[in-house]
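Peer 1: Encoded as C-alpha cells, here's the structure I'll be asking about.
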Amino acid sequence: MTKPGGWKHSQETCSKIAATRRGQLRDPAERAKIAEATKARMADPVVRQRIREGMLRASGSADELRTLRAVWRATRPTVRARFLAELLEPICQAREGDQS
Numbered sequence: 273m274t275k276p277g278g279w280k281h282s283q284e285t286c287s288k289i290a291a292t293r294r295g296q297l298r299d300p301a302e303r304a305k306i307a308e309a310t311k312a313r314m315a316d317p318v319v320r321q322r323i324r325e326g327m328l329r330a331s332g333s334a335d336e337l338r339t340l341r342a343v344w345r346a347t348r349p350t351v352r353a354r355f356l357a358e359l360l361e362p363i364c365q366a367r368e369g370d371q372s
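Going letter by letter, the sequence shown gives residues 273 to 372 in my numbering.
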C-alpha cells in the first residue's frame, strides 16, 4: 500500500533497496538467479497482463484515450478520412492564405 504522498518507501529505504539491487546485479550468479525467476514469473499470462496494464497506466494512457482508439479502429475508413478532412481543413486554408 502506498503512502498518502504516493511513495511506497521512505527515501532511506529506497536507497537501501537500490544498494542491495546493485550488489545483486554485479554478481553473475545472482543475475542468473534473477533472470530465471523473472522468466518463471513471466510465463504466467496473468502476470504479463498485469504488467501490461500497469505500464499503460504509468504511461498516462487514460481510459478515455483507449476508448477513443477503440472507436477509431472500429470506424469505417471513409468516415475516418472525412473526419480528418474536416479537422484539417481550417489549417490547410490558413496555409494557402499564407502562401498567396
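Just so you know, even glycine gets a beta-carbon here, dropped at the ideal spot from N, CA and C.
If you reduce the DSSP assignment to three classes, tell me which class Arg298 lands in.
Peer 2: Arg298: helix per DSSP, three-state reduction.
Peer 1: Quick one: grab the DSSP three-state call for Arg313.
Peer 2: In the structure shown, Arg313 sits in a helix (DSSP, three-state: H, G or I).
Peer 1: Between the C-alpha atoms of Leu337 and Ala301, what's the straight-line distance to the nearest angstrom?
Peer 2: So the two alpha carbons sit approximately 43 Å from each other.
Peer 1: Could you check the C-alpha separation between Phe355 and Arg348 for me, to the nearest Å?
Peer 2: Rounded to the nearest angstrom, the two C-alpha atoms are 11 Å apart.
Peer 1: State the DSSP-derived secondary structure class of Met273, mapped to helix, strand or coil.
Peer 2: Reliability fails at Met273, whose pLDDT of 46 lies under 50, so the model's placement of it is uncertain and the value that follows must be treated cautiously. Coil, per DSSP.
Peer 1: Which residue marks the beginning of the alpha helix (DSSP H) containing Arg352, and which one marks its end?
Peer 2: Pro349 to Gln371 is the extent of the alpha helix (DSSP H) around Arg352.
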